[in-house]
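Numbering (our numbering), first residue to last: 76 to 323. Backbone N, C-alpha and C define an ideal beta-carbon position, used for all residues, glycine too.
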C-alpha cells in the first residue's frame with residue numbers, strides 16, 4: 076500500500092521550542108560542531124549529499140537524479156535537523172566512511188566530495204572560506220516525518236545523510252541521538268525504519284545501540300548498484316516515556 080502524506084513542519088505548526096537547540100558537540104578529532112534545525116543556507120549542501128547518495132545507488136531506494144524541487148518535496152517536507160562544523164573540513168587524504176547515512180541510517184559509502192554552503196549566508200564555501208573558524212559548513216542532515224498518514228502518523232521515519240569527508244567523526248551518531256531525542260518532542264510515539272539494507276552493519280549497530288529493535292526482514296528488498304538484490308531489515312523503537320525526559 077502506497078501513501079500520500081501531507082507535508083508540514085510539526086515544529087512550526089505546534090510552536091514547540093526546543094531550548095537545547097542549537098546543541099554544541101565535539102566530533103572525533105576535535106572539530107567543533109552543532110546540531111540545529113535546517114535553515115535555507117543548508118539547502119545546497121544537503122541536496123548535494125542526497126544527489127551523491129542516489130548516484131552511488133546503495134542507500135536510498137530512489138534512482139536519481141532528483142532536481143531541487145523533487146529534493147525539497149521529499150527530504151524537506153516536514154522537519155529536518157542538520158549538523159554544521161565550525162572548523163575547516165578534513166583534507167581529502169583523511170577521507171573515511173561514517174557509520175550512518177542514507178534512508179533509515181544507511182551509510183553512503185565512498186563518494187565524491189560534497190561542496191557545502193555557509194549555513195548563515197547560503198553562499199558556497201570555498202577553500203579560503205572553509206579555513207575560517209567563523210564559517211559553518213553543513214556536513215550532515217536527518218529528516219523527521221510521518222512514516223504513515225492519518226491514524227498511524229504518530230510513527231515517524233528518519234532519513235540520514237553525512238558528508239563523505241566527515242564519516243567516522245561521530246556525525247551520524249550525533250544525528251541519530253538527536254533524532255531519538257527530538258522526535259517524541261514533536262509528538263511522535265515511535266519510529267519505524269523501513270529499509271536498513273543488510274550489508275550496512277555499522278548502521279544496524281548504531282540503531283541497536285540507541286534502542287531500536289529488529290522486527291522484520293524483507294528479502295531482496297533493494298536492487299543496489301554493484302550488489303544486485305539485497306535484503307533489508309526493518310527497525311522499530313517506542314518513544315513512550317521519552318517526552319518527559321526531554322528539555323523542551
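If you check the beta carbons only, do residue i and residue j fall under 9 Å apart?
i: residue 265; j: residue 255; result: no
i: residue 218; j: residue 152; result: yes
i: residue 281; j: residue 233; result: no
i: residue 244; j: residue 90; result: no
i: residue 140; j: residue 129; result: yes
i: residue 158; j: residue 216; result: yes
i: residue 314; j: residue 259; result: yes
i: residue 308; j: residue 284; result: no
i: residue 270; j: residue 297; result: yes
Return the first residue and the last residue of the beta strand (DSSP E) that residue i is part of.
i: residue 298; result: 288 to 299
i: residue 264; result: That residue, residue 264, is in no beta strand (DSSP E); it is neither H nor E in DSSP.
i: residue 154; result: 154 to 160
With respect to the alpha helix (DSSP H) encompassing residue i, which residues constitute its N-terminal and C-terminal limits?
i: residue 85; result: 85 to 89
i: residue 129; result: 118 to 131
i: residue 145; result: 143 to 150
i: residue 308; result: Note, residue 308: premise wrong, no alpha helix (DSSP H); beta strand (DSSP E) at 303 to 313.
i: residue 250; result: 246 to 260
i: residue 280; result: 276 to 285
Let me see if you follow: with CB-CB separation under 9 Å, is residue i close to chain B or not?
i: residue 137; result: Within the model displayed, chain B is absent; a lone protein chain is all it includes.
According to DSSP, residue i sits in a beta bridge with which residue or residues?
i: residue 221; result: 231
i: residue 100; result: 108
i: residue 79; result: DSSP output for residue 79 lists no bridge partner at all.
i: residue 215; result: 158, 237
Let me check understanding here. Comparing Cα to Cα, which of the options lies closest to residue i?
i: residue 230; options: 236, 221, 238; result: 221
i: residue 144; options: 130, 225, 126, 249; result: 126
i: residue 268; options: 260, 262, 244, 293; result: 293
i: residue 113; options: 142, 154, 123, 134; result: 154
i: residue 117; options: 133, 134, 156; result: 156
i: residue 100; options: 261, 252, 296, 270; result: 252
i: residue 257; options: 138, 97, 213; result: 97
i: residue 310; options: 298, 295, 291, 135; result: 291
i: residue 161; options: 261, 296, 84, 107; result: 107
i: residue 358; options: 137, 150, 295; result: The structure shown does not extend to residue 358, since the chain is modelled only from 76 through 323, so no value can be given for it.
i: residue 287; options: 240, 306, 312; result: 312
i: residue 102; options: 241, 304, 306; result: 241
i: residue 225; options: 123, 279, 263; result: 263
i: residue 304; options: 136, 239, 124; result: 136
On the premise that residue j lies in contact with residue i, defined as a C-beta separation below 8 Å, what is that separation, rounded to the nearest angstrom?
i: residue 236; j: residue 274; result: So it is not a contact: roughly 18 Å between Cβ atoms.
i: residue 110; j: residue 249; result: 6 Å
i: residue 133; j: residue 272; result: 7 Å
i: residue 131; j: residue 300; result: 7 Å
i: residue 213; j: residue 120; result: 4 Å
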